[in-house]
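Chemist: Under full-length UniProt numbering, think of the first position of the sequence shown as 1, with each following residue one higher. The structure that follows is given in the form of structure tokens.
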Amino acid sequence: MQLFASFYEVARDPADIIAEVDLEDAANIKVKHLSGGQERRLLIGIALIGNPAVLVLDEPSAGLDPSARRNLWEIIERQRQKGTTVLLSTHHMDEATQVCDRLAILVGGRIAAEGEPDALIREHSATATVSFEVSATRTTEEIRALGIEGDISSSGSAGTAFSIVTEDPDAVIRRLTFTPGLQAFNYRVTRSSLEDVFVEVSATSS
1 MQLFASFYEV ARDPADIIAE VDLEDAANIK VKHLSGGQER RLLIGIALIG NPAVLVLDEP
61 SAGLDPSARR NLWEIIERQR QKGTTVLLST HHMDEATQVC DRLAILVGGR IAAEGEPDAL
121 IREHSATATV SFEVSATRTT EEIRALGIEG DISSSGSAGT AFSIVTEDPD AVIRRLTFTP
181 GLQAFNYRVT RSSLEDVFVE VSATSS
């Protein structure tokens, strides 16, 4: 770390950087003996030694276990809170959702979609799936006859479990709940994820 600090006229204190990337316990360990997560944190520390306004990270968590990935996210978040602009590439949609304020999805080297994570999900995958059970056997036609908008399917062989893909899950649940004699219960709403958006954008842009 001291070597890289010497490359800059005005560099940050190496000891401060080591603390910032949570490497105090490994400060005297040779690089070849560091774990994968420690190596990634070291690389981020080297990138920070010159006190950059923009920090560029290429697949920073590739190959790391879940615990090491979360530690890395915390370091990135601390840099964001200090005002550093962080630009990173990743294939992990959970990482993009957790770390990024804005996203750009690249297909064939071109930006196919961009925006805030929640906005991208609403724009490209506006539906949600409502799963539920009923107390007595019903058919999909009977459920559809309730006036519910959406793609209805039976998710069990007994005719007591159903799934509805809809743009308005709240309206579906209200209709099911207040239909006399239906006795629907055990509701579960599954919303689209950023991974769904990535798959859709990739398919429509290729």
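Where is the CB? At the ideal position from N, CA and C, for every residue including glycine.
Cα separation between residue 102 and residue 76?
Modeler: Rounded to the nearest angstrom, the two C-alpha atoms are 15 Å apart.
Chemist: If you measure between the beta carbons of residue 135 and residue 92, is that distance less than 8 Å?
Modeler: The answer is no: Cβ separation not under 8 Å.
Chemist: Which stretch, first to last residue, makes up the alpha helix (DSSP H) that contains residue 170?
Modeler: First-last of the alpha helix (DSSP H) with residue 170: 169–177.
Chemist: Pick out whichever of 88, 130, 156, 190 has its Cα sitting closest to the Cα of residue 176.
Modeler: Comparing Cα positions, the closest option is 130.
Chemist: May I ask you to report which of helix, strand or coil DSSP gives residue 152?
Modeler: Strand, per DSSP.
Chemist: Starting from residue 67 and walking both ways along the beta strand (DSSP E), at which residues does that stretch end?
Modeler: No beta strand (DSSP E) contains residue 67, which is instead part of the alpha helix (DSSP H) from 66–81.
Chemist: Secondary structure at residue 199, three-state DSSP: helix, strand or coil?
Modeler: Helix at residue 199.
Chemist: Start and end of the alpha helix (DSSP H) containing residue 142?
Modeler: Its alpha helix (DSSP H) spans residues 140–144.
Chemist: Is the beta carbon of residue 159 closer than 8 Å to that of residue 127?
Modeler: Cβ distance not < 8 Å, so residue 127 and residue 159 don't count as in contact.
Chemist: Nearest-angstrom Cα distance between residue 5 and residue 46?
Modeler: In a straight line, the C-alpha of residue 5 is about 8 Å away from that of residue 46.
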